[in-house]
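Going by this note's numbering, the first residue of the sequence shown is number 143, and it counts up by one from there. The C-beta atom is built at its ideal place from N, Cα and C for all residues, glycine as well.
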Amino acid sequence: MRAVWPEELPLFFRISATDWLEERGWTVDETVRLAALLREHGVDLLDVSSGGNGGPAEIPVGPGYQVPFAARVRAEAGLPVAAVGLITESRQAEKILANGEADAILLGRELLRDASWPRRAARELGATTPAPPQYAWAI
Ligand SMILES: Cc1cc2nc3c(=O)[nH]c(=O)nc-3n(C[C@H](O)[C@H](O)[C@H](O)COP(=O)(O)O)c2cc1C
143 MRAVWPEELP LFFRISATDW LEERGWTVDE TVRLAALLRE HGVDLLDVSS GGNGGPAEIP
203 VGPGYQVPFA ARVRAEAGLP VAAVGLITES RQAEKILANG EADAILLGRE LLRDASWPRR
263 AARELGATTP APPQYAWAI
């Protein structure tokens with residue numbers, strides 16, 4: 143994929159870092175090893191999620207519950223990562239970045255609920271974002 147994808151564009155790779163099934167499924171240790179190989183093959187960033195369809199598993203779903211997986215990949219494989227999964231608040235997202243746990247934040251359901259989330263988050267964090275002219279009086 144790297145060979146056919148334009149050099150100036152980033153190549154992201156999405157992974158379920160664990161199936162939450164211990165040794166019966168894919169593990170975070172294996173994700174860390176794979177991430178190092180992906181880095182060698184020119185992947186720019188690993189989008190670190192987790193699996194929910196490998197069988198019965200106890201998944202401790204809660205705010206940022208997949209962030210530790212991203213942090214491990216970043217620290218141990220040296221590959222930039224994105225954190226995803228129940229990240230819904232601007233300060234929560236900022237803290238993950240400031241702590242060095244991830245290089246980027248990805249949103250799913252919260253962005254469906256509030257398509258203006260990035261703009262609102264920037265305002266809450268005292269940052270400015272480029273805006274189309276139609277938004278100029280509403281920022
Ligand atoms: C029930 C359920 C099962 C999921 N299973 C997977 C999965 O197998 N692999 C995966 O990469 N992400 C999985 N996800 C994560 C979502 O694809 C997505 O990353 C996540 O919902 C985004 O986080 P957010 O919607 O909390 O912002 C699952 C999410 C839910 C709610």
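Pick out whichever of the options has its Cα sitting closest to the Cα of residue i.
i    : options                : result
I238 : R216, N195, D256       : R216
H249 : A159, D189, A219, A199 : One point to set straight first is that residue 249 is Leu, not His, in the sequence displayed. For the residues A159, D189, A219, A199, the minimum Cα distance to L249 belongs to D189.
R251 : I157, V226, A269       : V226
A213 : L254, N241, A269       : N241
L221 : L179, S232, A273       : L179
F211 : D161, T271, A280, R265 : D161
With 16 as the cutoff for other CB atoms within 10 Å, does residue i come out buried or exposed?
i    : result
Q276 : exposed
S258 : exposed
I201 : exposed
G206 : buried
L253 : exposed
E243 : buried
L235 : Per the sequence shown, residue 235 should be read as Ala rather than Leu. Classification of A235: buried, given that the 10 Å Cβ count is 16 or more.
W147 : exposed
V174 : buried
What distance in whole Å lies between the Cβ atoms of residue j and residue i, which are believed to be in contact at a cut-off of 8 Å?
i    : j    : result
P152 : L176 : Not confirmed; about 18 Å, so no contact.
Are there any heavy atoms of ligand 3 lying less than 6 Å away from the beta-carbon of residue i, as far as the coordinates show?
i    : result
R261 : Among the ligands in the structure shown, ligand 3 does not appear; only ligand 1 can be found there.
My parser needs the alpha helix (DSSP H) runs of 4 or more residues fully inside the segment 204 to 248; what are they? Counting whole runs of 4 or more residues, the segment 204 to 248 contains the alpha helix (DSSP H) stretches 209 to 219, 232 to 240.
Counting only runs of 4+ residues fully inside the segment 163 to 191, write out the alpha helix (DSSP H) ranges in chain order. 170 to 182
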